[in-house]
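Scroll down for the structure; my scribbles are underneath it.
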Amino acid sequence: MTQPLLKIRGLKIDGKSDEVWKPIVNEIDLDLKKGEVLGLIGESGAGKSTVGLAAMGFTRDGCRISGGAVDFDGVDLVTASAAVKRNMLGKRIAYVAQSAAASFNPAHRLIDQHTEAPTQHKLRTKAESELDGMELYRRLRLPDPDHIGFRYPHQVSGGQLQRAMTAMAMSCRPDLIIFDEPTTALDVTTQIEVLAAIRDIVEQFDTAAIYITHDLAVVAQMADRIKVLLRGDEVEEAETRAMLSAPREDYTKSLWAVRSFQRPAKLAISTGVIPIVSLKNVSGAYGKSPVLFDVAFDIHVGRTVAVVGESGSGKSTTARCITGLLPPSQGYIEFNGEALPLDYRKRSKDQLRQVQMIYQMADTALNPRSSIGDIIGRPVQFYSGLTGSAKRKRVEELLAQIELEPGQYIDRLPSELSGGQKQRIGIARALAAEPQFIICDEVTSALDQLVAEGILKLLAQLQDDLCLSYMFITHDLATVRAISDDVVVMKDGRVVEQGPKAEMFQPPHHPYTDLLLSSVPEMDPDWLTNLLNGRGVDNIGDAAVGKM
Amino acid sequence: MSWLLNLILVLIVTAVVAWVFRFFGQKFTHNKPFFRDMPFVVAFGYVAGLLVLIAAVSYYFRPLEVNGVPSAGVIFFRWAVQGFIGFAIAAYLFRLFGRAVGTAGTRKLFRAMPLTAAFGVLVILLYALVSIFAGSIAPYGQEEIFTNANIVPGGNPIMGGDPNFPLGTDQIGRDIYSRLIYGAQNTVGIAFATTCLAFFVGGSLGFLVAIVGGWLDQILSRAVDVLMAIPALIFALLLMTIASVWSNQLGIDRTIFMILIIAMIDSTRVYRLARAVGQSIVVMDYIEAAKLRGEGMGYLIFKEILPNAMAPLLAEFGLRFCFVFLTIASLSFLGVGIQPPLADWGTMVKDLSQFINFAAFAPNVATAPLLAAGAIALLTVAVNFVVDWMLHKSSGLKD
Chain A
0 MTQPLLKIRG LKIDGKSDEV WKPIVNEIDL DLKKGEVLGL IGESGAGKST VGLAAMGFTR
60 DGCRISGGAV DFDGVDLVTA SAAVKRNMLG KRIAYVAQSA AASFNPAHRL IDQHTEAPTQ
120 HKLRTKAESE LDGMELYRRL RLPDPDHIGF RYPHQVSGGQ LQRAMTAMAM SCRPDLIIFD
180 EPTTALDVTT QIEVLAAIRD IVEQFDTAAI YITHDLAVVA QMADRIKVLL RGDEVEEAET
240 RAMLSAPRED YTKSLWAVRS FQRPAKLAIS TGVIPIVSLK NVSGAYGKSP VLFDVAFDIH
300 VGRTVAVVGE SGSGKSTTAR CITGLLPPSQ GYIEFNGEAL PLDYRKRSKD QLRQVQMIYQ
360 MADTALNPRS SIGDIIGRPV QFYSGLTGSA KRKRVEELLA QIELEPGQYI DRLPSELSGG
420 QKQRIGIARA LAAEPQFIIC DEVTSALDQL VAEGILKLLA QLQDDLCLSY MFITHDLATV
480 RAISDDVVVM KDGRVVEQGP KAEMFQPPHH PYTDLLLSSV PEMDPDWLTN LLNGRGVDNI
540 GDAAVGKM
Chain B
0 MSWLLNLILV LIVTAVVAWV FRFFGQKFTH NKPFFRDMPF VVAFGYVAGL LVLIAAVSYY
60 FRPLEVNGVP SAGVIFFRWA VQGFIGFAIA AYLFRLFGRA VGTAGTRKLF RAMPLTAAFG
120 VLVILLYALV SIFAGSIAPY GQEEIFTNAN IVPGGNPIMG GDPNFPLGTD QIGRDIYSRL
180 IYGAQNTVGI AFATTCLAFF VGGSLGFLVA IVGGWLDQIL SRAVDVLMAI PALIFALLLM
240 TIASVWSNQL GIDRTIFMIL IIAMIDSTRV YRLARAVGQS IVVMDYIEAA KLRGEGMGYL
300 IFKEILPNAM APLLAEFGLR FCFVFLTIAS LSFLGVGIQP PLADWGTMVK DLSQFINFAA
360 FAPNVATAPL LAAGAIALLT VAVNFVVDWM LHKSSGLKD
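Protein chains in written order, with numbering that gives the first Met the number 0: chain A, 0 to 547; chain B, 0 to 398.
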């Protein structure tokens, strides 16, 4: 057996919180051979990124490597001097960050940033590196590879930027690349292009890679082996196929089972019933640029309508039209058969109460300086006029409804809660108004899968108990499958297709719906290969060019 | 040219010592990362710092008098060092006291407090106490004139002092110690009132336009731009000249006009800050949620925005207070600020300023104007220490 390229033994990392060092990674072992791809998965806070960075002998501010060894090709990166590491990083080990948009320097052209590492390490001259960069862009199937490098980062799309970053990591032909959630911020349709490009180029250059992600279906496509982490501990490690077919540990099984949640479909809507919310040919514009065109659909009592589409397809804008934050330029919205005033400022208190919203980022949706009791208590007081102990009792009821222990949480600040708990507070605030209709704007997309599943179950439960109607904005089709009764597919500000869920997931589809559906990664490790064969690889490149 | 040769010699010696320091450091610690990764310039810095320290200590112990002539440099240097160490000890004791006494909340606050912040809080507390109880602390009235003018500070009769007037008397025979105490009341009190007014006006207008935007924002912001384009001190001087006429006609105290004028000029800076901070808060989803709930403007400003803008505003408050304070002192120095016979530190510096010329051969005499100047400097430093600490706390930075 050959000597592994990267050998991590007993790695321990501490993080500083409240002036005390606490362990965040415990005794992780890791082996990586040349040309092998290891998937690191786990929830947020599991220590995936920390382990990934430690593989370069680096820790974030406020962290330290407190024990163990990171042996890269015979050099221990934990004890190596700054000069040795400087010679190693970029040249033999490279890193691809989650957000390419935040990681590129916006003031320099792509190619200038690309050529920096090879010229710094004196591998090639600048001219040679530029030619090499174009070659890499070509292999990564970027459109117009000879010229795209001369653009600035903001002039190319997110998926292209992520591929340019992969090319940059490849510029010195490193032995090891660490991919830290490279596709998490991308739409499903874009994600495919990036995944295929990364997989091919890693194979072509026989590069070893550590692929960090929380998405099992993605890691199944990319990795030869998978290592599962939970709160800094290793849960298990196995070959990809073995792990997918027969996970050993309970935690891994629970991760696998997340996507199976599905609520029973409701009966079809009987005709002639007045929908609770009805969009009548709504068009909207930001300033002079139109973003919505003739959007029309109905939401019926006690049902969930999922609105799907890529980013920029007008999903959230539709929500803003319904709430009145962005008065439609044409068309109007009916609530229980009555037209709502277009501007929220002209709506009555009761009309405002009936339509509530739950936001994607619970961090920005809750006032960080208000206690949970105030956040939920304010709408209670505002709409029902309850004060004092009556108000507190109502807040406790609401907290119990969202399955949080009232006595424990009522006086806390949002920063003292986890992501999932914050999202539950967002739900409670919406419920406090006792609405009939709630807009959920990507409420689960910032959450880990297990936590997201809990939120979806809670929303389904509340719908049954309180006869709520939801408009559920999402780009994740697994969520649509799990919770929706009806589906609306949007693209470029238009409704492409709509209908009950059962129909939508059965062919024949609108071509765009088909593209969306087929782009959702599946747990089958051959899925990406089959899909690419089916579509034809060149098609993807063309699709990317077409998007420009 | 000999000084240049000396300098080069010192630099070479420092460089050699630095190299030796690093070399033996690496040898004796068996390449601990501290020495192993130490760049040469850092080693040079360590050695240079040590040399400066040695030079300072040796200067401190030079004789106070040479052939009967006092060496003023050494005297002032000793005062500075003694003051520095004295305040450091006082701040340390104050922090120990704060950690032992008080509620759980204040004790936790003191535990995490750096020494500089403890110093700042201590000085601010002292100033507050002095200005509140000025009437009972001061031995004489601020307007009381004694027959002996220009008594030298120090209270030593041989040096021209008088034990009854420990800090001496000014050019017309008023007790400087009493006037310093009353000056705290006048200068600090007026500065505080002015800053509060500036924050109330600038802050609420800034938040208002952050929410409303549109033409109101355009009008107010351009008006503020115009006001800010005029140099503040000259503008204040101009307005004070006009106000002095009005105050005679209307019979209103000129100090009121001064407070209004400085508050108006400084509120433009507060407005800009409040608007910028407010705009970044207004786009948050919780503001949108409150708007959709149908909340009014007052609730949005005071319940949703203000608590989240508190940290930068408090930091600005500290700095703005110093600027207002210095503006008042400058105006008084120029003769249009707080009017005699009211004691004011700026005026005191101005009245006694010619004594600075005696610094070289009679350090005690030159101290007279420096006392008021020192009082201003001390408060400014203290407030800035506290502000730095608050900024550090609110930015959430650890270490």
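Ideal Cβ placement from N, Cα and C applies to all residues, glycine included.
Keep in mind it's a predicted model, so treat the numbers as computed, not measured.
Chain A contacts from the region 86-101 of chain B (Cβ-Cβ distance under 9 Å): In summary, no residue of the region 86-101 of chain B has a CB separated from any CB of chain A by less than 9 Å.
N-terminal and C-terminal residue of the alpha helix (DSSP H) that B/Tyr58 is part of: Note, B/Tyr58: alpha helix (DSSP H), 39-59.
Residues that A/Leu291 bridges to, as DSSP identifies them: In DSSP, A/Leu291 forms a bridge with A/Gly283.
Which of helix, strand or coil DSSP assigns to B/Pro69: In the three-state DSSP reduction, B/Pro69 falls in the strand class (E or B).
Residue closest to B/Leu313, alpha-carbon to alpha-carbon, out of B/Gly250, B/Ala367, B/Asn383, B/Trp245: If we check each option's Cα against that of B/Leu313, B/Asn383 comes out closest.
First and last residue of the uninterrupted beta strand (DSSP E) at A/Ser65: For A/Ser65, the enclosing beta strand (DSSP E) starts and ends at 62-71.
Beta-bridge pairing of A/Asp13 - partner residues as DSSP gives them: According to DSSP, which records beta bridges pairwise, A/Asp13 is partnered with A/Pro22, A/Arg63.
CB of B/Val223 within 8 Å of CB of B/Tyr270, strictly: Going by C-beta atoms, B/Val223 is nearer than 8 Å to B/Tyr270.
Residues in the region 145-156 of chain A having any Cβ partner in chain B nearer than 9 Å: Going along the region 145-156 of chain A in chain order, one finds no residue with a Cβ nearer than 9 Å to chain B.
Cβ distance (whole Å) where A/Ala431 is taken to contact A/Leu397 below 8 Å: Contact holds; Cβ gap of about 6 Å.
Where B/Gln81 sits in the DSSP three-state scheme: Looking at B/Gln81 - three-state DSSP - the assignment turns out to be helix.
Alpha carbon of A/Ser48 to alpha carbon of A/Asp447, nearest angstrom: For A/Ser48 and A/Asp447, the distance between alpha carbons rounds to 15 Å.
Interface partners of A/Arg368 on chain B, CB under 8 Å: Neighbourhood of A/Arg368 in chain B, by CB distance below 8 Å: Pro306, Asn307, Met309, in chain order.
The region 272-302 of chain A: positions lying closer than 9 Å to chain B by Cβ: Cβ contacts with chain B: none found.
Candidates A/Tyr94, A/Pro3, A/Gly132: closest to A/Arg108 by CA position: Here the closest residue by C-alpha is A/Gly132.
Stretch-stretch touch, CB-based, cutoff 8 Å, three pairs: the region 411-428 of chain A with the region 364-383 of chain A: Between the region 411-428 of chain A and the region 364-383 of chain A, the count of Cβ pairs shorter than 8 Å is three or higher; the stretches touch.
Residue of A/Phe381, A/Lys279, A/Val304 minimising C-alpha distance to A/Ser328: A/Ser328 has its Cα closest to that of A/Lys279, out of A/Phe381, A/Lys279, A/Val304.
Beta-bridge partners of B/Phe164, as assigned by DSSP: DSSP output for B/Phe164 lists B/Asp161 as bridge partner(s).
Cβ shell of B/Thr146 (< 7 Å), same chain only, five flanking positions each side left out: The answer, listed in chain order, is Gly172.
At least three beta-carbon pairs within less than 8 Å, the region 76-88 of chain A to the region 226-243 of chain A: Cβ pair count under 8 Å is below three, so no.
Residue-chain proximity (A/Thr473, chain B), Cβ-Cβ < 8 Å: Judged by the 8 Å Cβ criterion, A/Thr473 is not in contact with chain B.
Under the three-state DSSP convention, the category A/Arg555 falls into: Because chain A is modelled from 0 through 547, residue 555 of chain A falls outside the range shown and cannot be assessed.
Straight-line Cα distance separating A/Asp440 from A/Leu39: A/Leu39 and A/Asp440 have their C-alpha atoms roughly 29 Å apart.
Chain-ordered chain A contacts of B/Asp36 [CB-CB under 7 Å]: What B/Asp36 touches in chain A: Ser80, Ala81.
The region 85-97 of chain A: positions lying closer than 8 Å to chain E by Cβ: Chain labels in this structure do not include chain E; the protein chains are A and B.
A/Leu573: contacting residues in chain B (beta-carbon distance under 8 Å): Since the first residue of chain A shown is 0 and the last is 547, residue 573 of chain A is not available in this structure.
Chain A residues whose Cβ lies nearer than 7 Å to that of B/Asp284: Those within 7 Å of B/Asp284 in chain A are Tyr358, Met360, Thr363, Ala364.
Interface partners of A/Phe381 on chain B, CB under 7 Å: Residues of chain B passing the Cβ test: Arg292.
Short-range partners of chain B found in the region 503-529 of chain A, where Cβ spacing is below 9 Å: Across the region 503-529 of chain A, no CB contact with chain B closer than 9 Å is found for any residue.
Where A/Glu180 falls, given that 16 or more other Cβ within 10 Å makes a residue buried: Classified as buried, A/Glu180 has 16 or more neighbouring CB atoms from the shown chains inside 10 Å of its CB.
Beta-carbon proximity of A/Phe558 to A/Val272, cut-off 8 Å: Lying outside 0 to 547, the shown extent of chain A, residue 558 of chain A is not represented and no answer is given.
For B/Ala190 and A/Ile438, the rounded distance between their alpha carbons: Computed Cα separation, rounded: 51 Å.
Helix, strand or coil at B/Gln338 according to DSSP, with G and I counted as helix: In the structure shown, B/Gln338 sits in coil (DSSP, three-state: anything other than H, G, I, E or B).
Anticipated Cβ contact below 8 Å, A/Leu4 with A/Asp174, distance rounded: Going by Cβ atoms, the distance from A/Leu4 to A/Asp174 rounds to 6 Å, so yes, they are a contact pair.
Classification of B/Arg319 by the beta-carbon crowding that lies within 10 angstroms, buried from 16 upward: Within a 10 Å sphere around the beta-carbon of B/Arg319 sit 16 or more other beta-carbons, which makes this residue buried.
Inter-residue spacing [alpha-carbon to alpha-carbon] between A/Ser156 and A/Arg137: Between the C-alpha atoms of A/Ser156 and A/Arg137 there is a straight-line separation of about 16 Å.
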